[in-house]
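Protein chains in written order, with the working numbering: chain A, 53 to 299; chain B, 3 to 268; chain C, 2 to 224.
One structure below.
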Amino acid sequence: MNQREKERYLREYALLKQEGKPFFPYAVAKDGAMAAVVMLSIILMSLFLGAELGPKADPTTTTYSPRPEWYFFFLFELLKIIKPANLVPLATIGIPTICMILLFLLPFYDRNPERRPERRPIATTAGIFVILAMGYLTYEGAHAGAPTQIDMETPTTLVAAGGPVLEQFETGKQVVAQSGCQACHIIGENGNDGPGPPLTDIATRLPKQAISRTLVNPTAPMPSYKALQESEPEKFDAMVTFLSQLK
Amino acid sequence: MPKLKLPAPPIPAKLNPRPARPGSTKTGPLDVAAEAGISAVDWVDERTSISGAARWMMFRKVPKGTNWFYTLGSSTMFAFLSQAVTGVFLAMYYRPDAAGGAYESIRYINNEVFLGEFVHGMHKWGSSVMVILVFLHMARTFFFGAYKYPRELNWVIGVALLILTMAMSFTGYLLPFDQRSYWATIVGVNINGTGPLVGPYLSDFLRAGPEFGATTLSRFYAIHMLLIPGAMAALIGAHLYMVAKLGTTAPPWIKADSPVKKEEKA
Amino acid sequence: MPDRHKTKSKYTVDRRIPGAFEGETVTRRRFMTASAHTAGGVAAMAFVLPSVAFALGPIFEEQEQPWQDVGAVDEFDTATYVPKTITIAKGVGEAGKSTVYMRKFDPAVDKEPKDEYNDFIALSTRCMHLGCPVRFVPAAERFICPCHGGVYNFRGEVDGGPPVRPLDRFYTRVRNGRVEIGPRFSVNREIQRFSPRDPGEPLDGVGQYLYPSRPSIRKLPNT
């Protein structure tokens with residue numbers, strides 16, 4: 053923005069201001085109404101959602117799944133996505149710091165005198181992209197299930213059929229959830245997508261016998277579940293039944 | 003010396019005192035009361051000249067076309083005030099004691115104190131509302147190009163306020179000392195620690211030692227209720243001063259009537 | 002505007018100060034300005050420096066890590082891990098405790114050199130990504146982190162996910178048939194011992210220099 057553009061803006065702004073209205077009471081009335089809306093929503097949220105206190109902090113736990121407050125979900129999801137160990141500092145410190153510096157310096161590298169959003173295609177696109185990206189990461193972070201549980205509804209056909217298969221399905225779900233499969237496999241919304249293949253629809257790719265064989269005799273680095281098959285065969289069978297129903 | 007004109011008290015016409023007869027010096031009690039208020043304001047103004055500043059702040063013109071988007075900034079400040087007031091009263095019952103006192107005191111606030119859970123809830127949800135408002139306010143500024151000349155410095159102050167708001171939510175999160183707060187803080191402090199070279203020392207500073215220990219909670223408490231709010235209040239003051247000094251922007255698509263047109267109108 | 006960077010002559014004559022004695026190069030006004038700044042600076046530092054040092058103190062103070070009894074020798078075997086609770090920070094009761102997974106050293110599995118401090122392997126439950134609590138899953142023989150999906154194998158080495166180094170360990174020793182746990186230490190990919198680092202700080206390659214050890218917590222010397 054050069055001197056001429058600056059002066060042009062100031063002149064235009066002086067005119068606009070002259071044609072405007074006094075801050076008090078015109079703008080203040082709007083501000084007051086908005087403030088009332090804000091306070092009302094805070095009060096309603098407080099009344100209906102309350103301020104629930106979770107269980108007391110326990111540093112010795114090995115079963116708790118920590119989750120951040122919703123406005124840090126985007127960072128939480130970013131940390132999940134970036135896997136290689138040498139890129140971890142990039143996700144934790146690097147990207148947020150770069151974003152902050154870019155925000156701070158925005159008026160100094162965006163020297164375009166134009167102010168209308170539709171005439172600043174790069175800035176507007178970048179802004180919308182950032183909003184969408186943060187929205188997407190927040191959504192994904194909010195939906196991330198813990199890798200020690202499976203949030204999946206039992207298929208209606210199985211429920212209708214009932215009997216031992218349904219029972220085995222439910223037991224198998226518990227066994228799979230507690231056996232750490234989801235550390236490497238994604239099942240529905242739970243677990244990690246990789247290094248192992250997704251198990252969400254494993255039954256469409258592998259028949260039941262093949263699933264059983266893979267569990268006993270897997271390719272490295274997957275651990276063998278042979279010990280489980282020998283010590284608790286009914287648990288192992290339940291596991292295979294559960295997996296063979298995932299389609 | 004300028005006299006402040008106060009608006010007439012909103013009382014029904016019947017109750018209004020009759021105007022005094024010309025030449026009569028009799029004054030009713032209402033006149034005395036009104037006079038007392040005005041003279042008190044005058045007394046302060048004579049010693050501070052504050053009416054000039056107030057008039058400069060309140061009766062400045064806002065440009066043509068100002069719409070509802072321009073209320074986001076003031077409502078963010080309002081949310082901050084609400085957080086400040088509810089926070090002060092929560093501090094009356096809260097004990098920053100990691101050995102169990104903190105959790106117990108929050109439980110006491112929730113279960114025993116009159117309106118305790120309500121005020122606690124207002125503080126908790128107020129933080130979410132404030133974060134949303136800060137982001138909306140920033141989006142408005144960005145898309146309207148309001149960070150451009152001559153308001154660059156105000157944008158920088160605004161980004162600093164955004165970071166401080168996030169720091170407030172991070173430090174405040176630990177205080178109830180339940181599972182969620184404890185582990186979120188562990189993760190947050192370790193995120194600080196991944197900064198090369200200075201990171202490890204920074205997280206030692208935040209924890210007051212190599213492990214989460216006896217003074218970590220009081221450290222977070224002091225930062226949450228003294229250090230950052232002080233900085234925020236000062237920055238909000240600067241932000242507001244600059245808004246009043248430079249004026250709020252008009253929406254970018256609004257154009258002033260050209261002087262020629264104006265003459266025609268006149 | 003006068004050029005402020007112009008070097009001034011060091012001779013009184015060239016300065017042209019009215020009424021200056023020979024040898025004077027500073028005007029009274031300049032001297033007073035400098036004194037005002039100095040006095041103000043000294044007064045401000047008098048409260049800023051001690052308070053900052055007060056807040057930074059814990060960074061330089063070494064934390065004591067006493068040996069703690071966790072059980073008899075025969076409580077642990079080589080096949081699986083036994084969780085034990087120890088205190089890692091004093092004065093905060095339950096909030097200063099942590100869980101440690103323990104087993105006996107197994108020459109068939111453990112490749113690191115044997116010494117007096119690793120008759121028993123004690124793994125920390127802090128995930129080395131960002132410090133979430135990991136859990137040992139016996140069926141898979143893996144440690145699983147519930148936060149961002151870190152997975153460790155039986156020895157605590159990274160199997161998958163974002164963790165930057167194997168799980169931290171504790172020194173162990175045997176005294177009168179009881180197992181004792183000592184200070185924590187961090188390990189790199191070869192299970193070499195390093196002074197404890199926080200999670201998220203890699204130790205391989207340049208990592209150990211980018212994330213230096215801190216004065217507040219150290220491994221045992223010569224180990």
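Heads up, the beta-carbon is just placed ideally off N, CA and C, and yes, glycines get one too.
With contacts defined by Cβ atoms closer than 8 Å, I188/B and F214/B form a contacting pair. Taking F294/A as reference, the option from C233/A, F128/A and A279/A with the minimal CA-CA separation is C233/A.
Shown here for E71/A: not one same chain residue has a beta carbon closer than 6 Å to its own, the five before and five after excluded. Rounded to whole angstroms, the separation of the alpha carbons of S231/A and A140/C is 5 Å. For P74/A, no CB of chain C lies under 8 Å from its own CB, so it is not counted at the interface with that chain.
Closer than 7 Å at the C-beta level to chain C, one finds these residues of the stretch 210-232 of chain B: A210, G211, P212, E213, F214, G215 and A216. In chain A, no part has a C-beta under 7 Å from the C-beta of K91/C; the shortest such distance is about 14 Å.
Taking 8 Å as the cut-off, the beta carbon of P202/B is found no closer than this to the beta carbon of G67/B. Here C151/A is exposed. Its C-beta has fewer than 16 other C-beta atoms within 10 Å. Annotation for V87/B: the continuous alpha helix (DSSP H) segment containing it runs L74 to A93. A contact between stretches requires three or more CB pairs, one per stretch, nearer than 8 Å, and the stretch 154-166 of chain B meets this requirement with the stretch 133-143 of chain B. Cβ neighbours of M227/B within its own chain (closer than 7 Å, five residues either side excluded): G89 and A93. Around P200/C, the beta-carbon contacts reaching into chain B at under 8 Å are N192 and G195. Within the stretch 52-71 of chain B, the residues whose Cβ lies closer than 8 Å to some Cβ of chain A are M59, M60, F61, R62, K63, V64, P65, K66, G67, T68 and W70, listed in chain order. Straight-line measurement puts the Cα of Y102/C at about 15 Å from the Cα of R174/C. When the alpha-carbon of P198/B is set against those of I182/C, G208/C and N189/C, the nearest one is in G208/C. Collapsing the DSSP output to three states places Y118/C in coil.
For I108/B, the CB contacts under 6 Å within the same chain, skipping 5 residues up- and downstream, are P178 in chain order. Sequence-distant partners of N269/A (beyond 5 residues in either direction) whose C-beta falls short of 7 Å from its own C-beta, in its chain, are S276. The Cβ atoms of L124/C and G201/C do not sit closer than 8 Å to each other. Measuring C-alpha to C-alpha distances from V115/B to each of A100/B, G102/B, A101/B and Y96/B identifies Y96/B as the nearest.
No Cβ of chain A is located within less than 8 Å of the beta carbon of I238/B. One thing to note: P114/C has its Cβ no nearer than 8 Å to the Cβ of S217/C. Taking each of K299/A, T149/A and E64/A in turn and checking the Cα distance to T208/A, the smallest one comes out for K299/A. For R215/C, no Cβ of chain A is located within less than 8 Å of the residue's own Cβ.
Here D110/A really is in contact with Q181/B; their C-beta atoms are around 6 Å apart, less than 8 Å. Within the stretch 103-134 of chain C, the residues whose Cβ lies closer than 8 Å to any Cβ of chain A are, in chain order, T126, H130, L131, C133 and P134. For E181/C, no alpha helix (DSSP H) segment is defined; the enclosing uninterrupted segment is the beta strand (DSSP E) at R179 to V188. Per the C-alpha coordinates, the member of V200/B, F145/B, G102/B and M168/B positioned closest to M132/B is M168/B. Partner residues in the beta bridge of Y102/C, as assigned by DSSP, are P84/C and L124/C. At a cut-off of 8 Å between C-beta atoms, G232/A counts as an interface residue with respect to chain C. Any Cβ of chain A closer than 8 Å to the Cβ of V115/B would place that residue at the interface, and such an atom is absent. Here DSSP, grouped into helix, strand and coil, assigns Q70/A to helix. Partner residues in the beta bridge of I239/A, as assigned by DSSP, are N242/A. By the criterion of a C-beta distance shorter than 6 Å, G190/B is surrounded in its chain by F172, once the five residues flanking it on both sides are discounted. The DSSP-derived three-state label of G54/B is helix.
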